[in-house]
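Trainee: Quick note, in the working numbering, the sequence shown goes up one by one and the last residue is 381. Here a beta-carbon is modelled for each residue, glycine too, at the ideal position from N, C-alpha and C. No experiment lies behind these values; they were computed from the predicted model shown.
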Amino acid sequence: MIPTTIDLGKGQPSLGLLPTAALRTAGERFLAQHPASWLQYGDDRGEAPFLDALAGFLTRRYAVPVHASQLMTTAGNSQALDLCCALFTRPGDTILVEEPTYFLALDIFRDHGLRVVGVPIDDDGMQTDALHEAVARYRPALLYTIPSFQNPTGVTLSAARREQLLAICAAHDVLVIADEVYQLLDFGAPPPPSLATYASGARVLSLGSFSKICAPGLRLGWVHGAPELLERIMRSGLVQSGGGLNPFTSGVMHTLITLGLADGVLDELKTVFAERSRALCGALREQLPFARFVAPRGGYFVWVTQPGISANVLLPFAREAGVAFHAGPRFVHGDRFDDALRLSFAHYDSEQLREGVQRLARATLHYPDNPRA
Ligand SMILES: Cc1ncc(COP(=O)(O)O)c(C=O)c1O
Numbered sequence: 009m010i011p012t013t014i015d016l017g018k019g020q021p022s023l024g025l026l027p028t029a030a031l032r033t034a035g036e037r038f039l040a041q042h043p044a045s046w047l048q049y050g051d052d053r054g055e056a057p058f059l060d061a062l063a064g065f066l067t068r069r070y071a072v073p074v075h076a077s078q079l080m081t082t083a084g085n086s087q088a089l090d091l092c093c094a095l096f097t098r099p100g101d102t103i104l105v106e107e108p109t110y111f112l113a114l115d116i117f118r119d120h121g122l123r124v125v126g127v128p129i130d131d132d133g134m135q136t137d138a139l140h141e142a143v144a145r146y147r148p149a150l151l152y153t154i155p156s157f158q159n160p161t162g163v164t165l166s167a168a169r170r171e172q173l174l175a176i177c178a179a180h181d182v183l184v185i186a187d188e189v190y191q192l193l194d195f196g197a198p199p200p201p202s203l204a205t206y207a208s209g210a211r212v213l214s215l216g217s218f219s220k221i222c223a224p225g226l227r228l229g230w231v232h233g234a235p236e237l238l239e240r241i242m243r244s245g246l247v248q249s250g251g252g253l254n255p256f257t258s259g260v261m262h263t264l265i266t267l268g269l270a271d272g273v274l275d276e277l278k279t280v281f282a283e284r285s286r287a288l289c290g291a292l293r294e295q296l297p298f299a300r301f302v303a304p305r306g307g308y309f310v311w312v313t314q315p316g317i318s319a320n321v322l323l324p325f326a327r328e329a330g331v332a333f334h335a336g337p338r339f340v341h342g343d344r345f346d347d348a349l350r351l352s353f354a355h356y357d358s359e360q361l362r363e364g365v366q367r368l369a370r371a372t373l374h375y376p377d378n379p380r381a
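1) Measuring straight from C-alpha to C-alpha, what distance separates LEU104 and GLN41?
2) Since ASP357 and SER22 should fall inside the 8 Å C-beta cutoff, what is the C-beta to C-beta distance between them, to a whole number of angstroms?
3) Report, in whole angstroms, the separation of the C-beta atoms of SER217 and GLY19, which I expect to be a contact under 8 Å.
4) Collect the residues with a C-beta less than 6 Å away from any heavy atom of ligand 1 and give them in sequence order along the chain.
5) Ligand 3 and THR82: does the residue's C-beta get closer than 7 Å to at least one heavy atom of that ligand?
6) Taking the alpha carbon of ASP194 as the point to measure from, which residue in LEU66, VAL74, PHE281 and GLY133 has its own alpha carbon closest?
7) What did DSSP end up calling ASP52 once you bin it into helix, strand or coil?
8) Using 8 Å as the threshold, is the C-beta distance between ARG118 and MET80 below it?
9) Do the CB positions of CYS177 and ARG211 come within less than 8 Å of each other?
10) Go through its chain and collect everything with a Cβ distance to GLY35's Cβ below 8 Å, but skip five positions before and after it.
11) Quick check: the Cα distance between CYS92 and ILE241, rounded to an integer number of angstroms?
12) Does the Cβ-Cβ distance between ALA88 and VAL189 come in under 8 Å?
13) Hey, out of ALA179, GLN172 and ARG286, whose CA is closest to PRO304's CA?
14) Secondary structure at PHE58, three-state DSSP: helix, strand or coil?
15) Quick one: what's ALA348 bridged to in DSSP?
16) By Cβ distance, which residues of its chain are closer than 6 Å to THR102, with the 5 residues on each side in sequence left out?
17) Could you give the DSSP three-state label for ASP343: helix, strand or coil?
18) Do you know how far the Cα of PHE301 is from the Cα of GLY251?
19) Compute the Euclidean distance between the alpha carbons of THR161 and PHE58, then round it to the nearest angstrom.
20) How would you call LEU373, buried or exposed, if buried means at least 16 neighbouring beta carbons within 10 angstroms?
21) Straight-line CA distance for GLY17 to ARG327?
22) Less than 6 Å between C-beta atoms, sequence neighbours within five positions excluded: which residues of the same chain meet that for PHE111?
23) For ALA402, which residues in the same chain have their Cβ closer than 6 Å to its Cβ, ignoring the five residues on either side in sequence?
24) If the criterion is Cβ atoms closer than 8 Å, does the pair GLY306 and PHE157 meet it?
25) Which same chain residues end up closer than 7 Å to LEU361 when comparing Cβ atoms and leaving out the 5 residues on each side of it in sequence?
26) Taking only the alpha-carbon atoms, compute the straight-line gap between ALA371 and ARG293 and give it to the nearest angstrom.
27) Could you give the uninterrupted runs of the beta strand (DSSP E) lying entirely in the region 276-340, keeping only those of 3 residues or more?
28) Run through DSSP, which three-state label would HIS232 get?
29) Could you spell out the range, first to last residue, of the beta strand (DSSP E) harbouring ARG123?
30) Counting only runs that start and end within the region 106-180, where is the beta strand (DSSP E) found for 3 or more residues in a row?
31) Go ahead and pull the three-state DSSP assignment for ASP187.
32) Once the 5 residues before and after PHE96 are set aside, which same chain residues still bring their CB inside 7 Å of it?
33) If you compare alpha carbons, which of ARG37, ASP132 and PRO99 is closest to GLY121?
34) Alpha carbons only, please: which of PRO43, GLY50 and ALA30 is nearest the one belonging to VAL247?
35) Are GLY272 and PRO108 closer than 8 Å when you measure CB to CB?
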């Protein structure tokens, strides 16, 4: 079925991809064990059996050892990010981010009164020369980075730049918040290792989430980092008052992982997203031959630039044609990237994606003074 509006802005899996059958199996098995202890206020760090299972899952999927003592349960990366801002910054502090970056993270930084400074990126991720200058000039409290299959551009920080970024931040005592929500979502060639697994990663908090690799409604994630940094989060008012985060859902996820079902869910998503990404990129090449983009190697997004065409001006024409997207300026603090749009291939099947691009091409024809017309 082809929807009336194809909203390529939606960065979430389609309903049919959500693992209801696997979660039902895991949920029933979990509940049959009368899990009273998982219904109490949770341990500050998270429930030990879940963290052990998660450490095993990450060790297998990262192919790098991860120990349970380096992990803490969260209610997803948005919550973890909010908590990190609350604990490690004060209003008026500077946070460095990639330019462009995940737009809703910018909203969290605004909630905490932070001053956002963008660092340019290229095909290898954040430019470390520019980072060096920005760190020296602005003396930031935090660096926020999405190292793998970045939202919105899909780019991945190279191995060499990961080392440089960590060295710069260590030398200037800047805490790195690595939002690694897409780290496990490669289409065949894994990205360089998670920033928290580097020997020089002592001042890194890596945020991971089941939102993109299982289901966003679980509201379950983790922080991976040095035990001393996790201690600080555990001492937060939020955790002290409410107990460890999301114990019940982590019980269901514990069962999903130990039954071996979480691997199957992730593998299925990777296969489907790779196929959808190919369909979207193929349609872009055919229908919008002047658009510039780099075919993603993982994640959820393609970042498309159409020189001379303002995404914000195009959007109403696109809506009229039955398609939507997120316009580039949403992803910066300021008004740059007006000729860019972020398209997600996670929410629609290949046929719907091709139709969405056809509608986008039609809308582009109606663009006033289209430089290509
Ligand atoms: C980079 C990034 N971080 C965080 C999130 C939200 O994560 P969660 O659902 O775990 O809060 C998203 C969702 O799109 C994202 O793209």
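Mentor: Once the coordinates are examined:
1) Taking the sequence shown and counting its residues from 1, the one referred to as residue 104 is at position 96. Taking the sequence shown and counting its residues from 1, the one referred to as residue 41 is at position 33. Cα to Cα, the separation comes out at about 46 Å.
2) Position 349 of the sequence shown holds residue 357. Position 14 of the sequence shown holds residue 22. ASP357 to SER22, Cβ: 7 Å. Contact.
3) For the purposes of this step, residue 217 is taken as the residue at position 209 of the sequence shown. For the purposes of this step, residue 19 is taken as the residue at position 11 of the sequence shown. Contact flag wrong, Cβ pair sits at about 12 Å.
4) GLY19, GLY84, ASN85, SER86, TYR110, ILE154, ASN159, ASP187, VAL189, SER217, SER219, PRO224 and GLY229
5) Because ligand 3 does not appear in the structure shown, any question about it cannot be addressed here, the ligands present being ligand 1.
6) Here residue 194 refers to the residue found at position 186 of the sequence shown. When each option's Cα is compared against that of ASP194, the closest is PHE281.
7) On the sequence shown, position 44 is the one that residue 52 refers to. Coil.
8) By one-based count along the sequence shown, residue 118 stands at place 110. By one-based count along the sequence shown, residue 80 stands at place 72. No, the Cβ-Cβ distance between ARG118 and MET80 is not below 8 Å.
9) Against the sequence shown, residue 177 aligns to sequence position 169. Against the sequence shown, residue 211 aligns to sequence position 203. It is a contact, given that the beta carbons lie within the stated cut-off.
10) The residue labelled residue 35 in the question sits at position 27 within the sequence shown. Counting only Cβ-Cβ distances below 8 Å, and skipping sequence neighbours, we find VAL260 and THR263.
11) Counting from one through the sequence shown, the residue named residue 92 turns up at place 84. Counting from one through the sequence shown, the residue named residue 241 turns up at place 233. Straight-line Cα distance between these residues: approximately 8 Å.
12) The residue you call residue 88 lines up with position 80 of the sequence shown. The residue you call residue 189 lines up with position 181 of the sequence shown. No, the pair does not count as a contact, with Cβ atoms beyond the cut-off.
13) Stepping through the sequence shown from its first residue, residue 304 is reached at position 296. When each option's Cα is compared against that of PRO304, the closest is ARG286.
14) Residue numbering aside, residue 58 sits at position 50 when the sequence shown is read from its first letter. PHE58: helix per DSSP, three-state reduction.
15) By one-based count along the sequence shown, residue 348 stands at place 340. DSSP, once it has assigned bridges, lists THR313 as partnering ALA348.
16) To locate residue 102, count along the sequence shown from 1; it is residue 94. ARG123, VAL125, TYR146 and PRO148.
17) For the purposes of this step, residue 343 is taken as residue 335 along the sequence shown, with counting starting at 1. Here ASP343 sits in coil by DSSP.
18) Counting from one through the sequence shown, the residue named residue 251 turns up at place 243. Counting from one through the sequence shown, the residue named residue 301 turns up at place 293. Looking at the two C-alpha atoms, the distance is approximately 45 Å.
19) Here residue 161 refers to the residue found at position 153 of the sequence shown. Here residue 58 refers to the residue found at position 50 of the sequence shown. Each residue's Cα considered, the two are about 33 Å apart.
20) Looking up residue 373 in the sequence shown gives position 365. With fewer than 16 Cβ atoms within 10 Å of its Cβ, LEU373 is classed as exposed.
21) The residue labelled residue 17 in the question sits at position 9 within the sequence shown. The residue labelled residue 327 in the question sits at position 319 within the sequence shown. C-alpha separation (whole angstroms): 12 Å.
22) As a first step, residue 111 must be located in the sequence shown, where it is residue number 103. Closer than 6 Å at the Cβ level, and outside the excluded window around PHE111, lie ARG338 and PHE339.
23) Outside the displayed span of the chain (9 to 381) sits residue 402, for which this structure offers no information.
24) Residue numbering aside, residue 306 sits at position 298 when the sequence shown is read from its first letter. Residue numbering aside, residue 157 sits at position 149 when the sequence shown is read from its first letter. Taking 8 Å as the Cβ cut-off, GLY306 and PHE157 qualify as a contacting pair.
25) Position 353 of the sequence shown holds residue 361. If we look at LEU361 and ignore the five residues flanking it on each side, its Cβ neighbours are ARG284, ALA287, LEU288, ALA291 and PHE353.
26) As a working mapping, residue 371 is identified with position 363 in the sequence shown. As a working mapping, residue 293 is identified with position 285 in the sequence shown. Rounded to the nearest angstrom, the two C-alpha atoms are 16 Å apart.
27) 309-313
28) On the sequence shown, residue 232 is found 224 positions in, with the first residue counted as 1. Here HIS232 sits in strand by DSSP.
29) Sequence index remark: in the sequence shown, residue 123 carries index 115 (1-based). Run containing ARG123: 123-130, per the beta strand (DSSP E) assignment.
30) 123-130 and 150-153
31) In the sequence shown, the residue the question calls residue 187 occupies position 179. The answer is strand: DSSP assigns ASP187 an E or B state.
32) Translated into positions along the sequence shown, residue 96 becomes position 88. Within the same chain, PHE96 has close Cβ partners ALA149, LEU150 and LEU183.
33) As a first step, residue 121 is located in the sequence shown; it is residue number 113 there, counting from the start. Among ARG37, ASP132 and PRO99, the Cα nearest to that of GLY121 is on PRO99.
34) For this step, residue 247 is matched to residue 239 along the sequence shown. If we check each option's Cα against that of VAL247, GLY50 comes out closest.
35) For the purposes of this step, residue 272 is taken as residue 264 along the sequence shown, with counting starting at 1. For the purposes of this step, residue 108 is taken as residue 100 along the sequence shown, with counting starting at 1. No, Cβ-Cβ distance for GLY272 and PRO108 is not below 8 Å.
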